[in-house]
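The sequence shown finishes on residue 727 if you use the working numbering, and the numbering steps up by one all the way, no holes.
Here a beta-carbon is modelled for each residue, glycine too, at the ideal position from N, C-alpha and C.
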Amino acid sequence: MKSLLKKAVLATLIAVPLAGCNTTGTSSHAPADSQSFVYSRDGFVTHSPQSDHASLKGDSSKRLLELGKENFRLQNYGLAERYFREAVARRADNAGAWAGLAAAYDQLGNFEKADRAYKALVDLKGNDPRVLNNMGYSYLLRGDYKKARKYLNRAQDANPGLDHVQGNIHLLEKVAST
Numbered sequence: 550m551k552s553l554l555k556k557a558v559l560a561t562l563i564a565v566p567l568a569g570c571n572t573t574g575t576s577s578h579a580p581a582d583s584q585s586f587v588y589s590r591d592g593f594v595t596h597s598p599q600s601d602h603a604s605l606k607g608d609s610s611k612r613l614l615e616l617g618k619e620n621f622r623l624q625n626y627g628l629a630e631r632y633f634r635e636a637v638a639r640r641a642d643n644a645g646a647w648a649g650l651a652a653a654y655d656q657l658g659n660f661e662k663a664d665r666a667y668k669a670l671v672d673l674k675g676n677d678p679r680v681l682n683n684m685g686y687s688y689l690l691r692g693d694y695k696k697a698r699k700y701l702n703r704a705q706d707a708n709p710g711l712d713h714v715q716g717n718i719h720l721l722e723k724v725a726s727t
C-alpha cells in the first residue's frame with residue numbers, strides 16, 4: 550500500500566510541472582475514446598492528437614516517440630525534442646511525434662520552431678480542437694493573450710465539452726487580468 554501511494558505521489562509530482570504539455574503517438578486504429586495527452590492548466594496530461602495514418606506497430610519511429618514522451622515527462626525537454634525530431638524525420642505522418650515536438654519547443658521557449666511543428670500537425674489533423682487548444686496554450690506561454698484567446702475560442706467552438714480548453718481559458722483570463 551505504501552509503495553502504491555509513493556508511486557501515485559511521484560506520478561503527480563512529475564505531472565504537475567508539465568502544466569499542459571502534449572506528447573503521444575497513438576494511431577487512428579485505437580478506439581475512438583482512447584486517451585492521449587493535451588495541455589492542461591492543472592499539470593495533468595490527458596489527451597493528444599492521434600495519427601490518421603497507419604498503425605505505429607513495427608514503426609521504426611515508435612521507440613523514438615516513447616523516448617521523447619519519457620524525457621518530456623521527466624522535464625528533459627532538450628532530449629525530448631531530440632527524440633521527437635528524430636521520430637518525425639523517420640515518419641513525417643506521425644501526429645503524436647509532431648505534437649510532442651511542438652510541446653517540447655514550447656517548453657524550451659523556441660516558439661518559431663514550435664509554430665512550424667504546429668503547422669505540420671494542423672496539416673495532418675486539420676483544426677482538431679485538441680491541437681487548437683495546444684496552440685492556444687503555446688501563445689499563452691508567449692504572453693500573446695490575443696492569439697491565445699483566438700485559438701482557445703476556436704477549440705471551444707469545435708468541442709465545447711473539452712475540459713482542458715475551459716481550464717486554459719480560465720487560466721488565460723486569470724493571467725491576462727494581472
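Checklist line | Span separating the alpha-carbon of V637 from that of Y700 | finding: Distance between the alpha carbons of V637 and Y700: 24 Å.
Notebook entry, point to check: Distance, Cα to Cα, A644 vs L711?
Noted result: Computed Cα separation, rounded: 19 Å.
Check: Should P709 be labelled buried (16 or more other beta-carbon atoms within 10 Å of its own) or exposed?
Finding: Exposed: under 16 other Cβ atoms inside 10 Å.
Check: So what's S726 in DSSP terms, helix, strand or just coil?
Finding: Residue state, collapsed to three classes: coil.
Item checked: Enclosing alpha helix (DSSP H) for D672 [first to last residue] -> Per DSSP, D672 is one residue of the alpha helix (DSSP H) stretching across F660 to K674.
Next item on the list: Would you mind giving the Cβ-Cβ distance between L613 and N620, rounded to the nearest angstrom? I have them listed as a contact below 8 Å.
Entry: The distance from the Cβ of L613 to that of N620 is about 11 Å, inconsistent with a contact at the 8 Å cut-off.
Next item on the list: Since I believe E630 is in contact with L673 (beta carbons under 8 Å), could you give me their beta-carbon distance rounded to a whole number of angstroms?
Entry: Rounded to the nearest angstrom, the Cβ distance from L673 to E630 is 19 Å, too far for a contact under 8 Å.
Next item on the list: Would you decide whether N676 is buried or exposed? Buried here means 16 or more other CB atoms lie within 10 Å of its CB.
Entry: When all chains shown are included, N676 counts as exposed.
Next item on the list: Evaluate A648 with the Cβ neighbour count: other Cβ atoms within 10 Å of its Cβ, from every protein chain shown; 16 or more gives buried, anything less gives exposed.
Entry: Counting C-beta atoms within 10 angstroms of its own C-beta, A648 has 16 or more neighbours from the protein chains shown and is therefore classed as buried.
Note to self: Just to confirm before moving on: does the CB-CB distance between R634 and L616 stay below 7 Å?
What the structure shows: Result no, Cβ atoms of R634 and L616 do not sit closer than 7 Å.
Item checked: Span of the alpha helix (DSSP H) around N620 -> Following the DSSP letters along the chain, one finds N620 inside the alpha helix (DSSP H) bounded by residues K611 to R622.
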